[in-house]
Amino acid sequence: FFLSSRNKIKQNEELSFVKMVTIYSTRDPDFRGKEKVSDKEIERAAVDNLKKLIKLGYDKLFGTHKKRWNQLWEQIDIVLDGPDFDQLAIRFSQFHIYQMTPVHNERLSIAAKGLSGEGYKGHVFWDMEIFILPFFIYTFPKIAKRLLLYRYHFLDGAREKAKENGFEGAMYPWECADTGCEVTPKWGGVDFKTGKPQRIWTGELEQHITCDIVYSI
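Per UniProt numbering, the sequence shown starts with residue 1, numbered consecutively.
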């Protein structure tokens, strides 16, 4: 949904633009349960939502955003009696943990790099259950439940990996994405000494992930 505009401004005059963006895919909850979703349906959902945002306007949206964050800080803030840097560091950490968590969709989890970069291709590791989940258990139990439901929804992928490795039951993957199956690449970058691609064994040898998930439950 695009708008075009022509404006004339004088020298030293300022013209500000506000860009509003909506992103939709077939994996959004809006389309859950549908076997096939056309590009037109996705486009229509994105445009409809964008029109609502434009109607509300930036100031109102920013006000709602600010109000919500104030409510969150009232619930999660940790006040330290110590150096200012330590206080800044823990709040910075809390901010990143919450803003990178897909609270709207239980079929998504927290990627290894969060929203800080493309490392590990957005894949989910056992570190989420061991190091991040406790934060939500004590602050937002409902979000903690949603994060665990991510593993539940992809139990079939864990069963498939167990079968491939000669085990019964479930064997959760070292790297998990949108199917629950193991997505760890078998080969990595070139070894500078040998000039050959490096073999990645973690997807095959790491067997503690299922225990980590059970422990987190």
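Backbone N, C-alpha and C define an ideal beta-carbon position, used for all residues, glycine too.
Cutoff 7 Å; reference residue i; Cβ partners in own chain excluding five residues on either side
| i | result |
| --- | --- |
| L108 | P102, Y150 |
| K161 | M171, P173, C181, E182 |
| I132 | I97, I110 |
8 Å Cβ cutoff met for residue i and residue j
| i | j | result |
| --- | --- | --- |
| H123 | C176 | yes |
| D48 | W126 | no |
| G180 | A158 | yes |
| M128 | G114 | no |
| D178 | R27 | yes |
| R146 | E106 | yes |
| L80 | Q87 | yes |
Beta-carbon contacts of residue i that lie in its chain and below 8 Å, excluding the five residues immediately before and after
| i | result |
| --- | --- |
| I54 | M20 |
| Q198 | W187, G188, G189, V190, D191 |
| I78 | I90, R91, Q94 |
Collapsed DSSP secondary structure at residue i in the structure displayed
| i | result |
| --- | --- |
| P83 | coil |
| W174 | coil |
| W187 | strand |
| R32 | coil |
| R146 | helix |
| V47 | helix |
| V124 | strand |
| I132 | helix |
| N165 | coil |
| V214 | helix |
C-alpha gap between residue i and residue j, whole angstroms
| i | j | result |
| --- | --- | --- |
| V183 | I200 | 12 Å |
| T139 | A170 | 30 Å |
| Y58 | G33 | 33 Å |
| P141 | A112 | 21 Å |
| I209 | E164 | 16 Å |
| S216 | L148 | 8 Å |
| S16 | K8 | 12 Å |
| R44 | G117 | 29 Å |
| D84 | F92 | 12 Å |
| E204 | Y120 | 17 Å |
Contacting residues, own chain, Cβ-Cβ under 6 Å from residue i (five flanking each side not counted)
| i | result |
| --- | --- |
| Q94 | I76 |
| I137 | A144 |
| I42 | Y24 |
| E13 | none |
DSSP bridge partner residues for residue i (one or two, in chain order)
| i | result |
| --- | --- |
| P197 | V190 |
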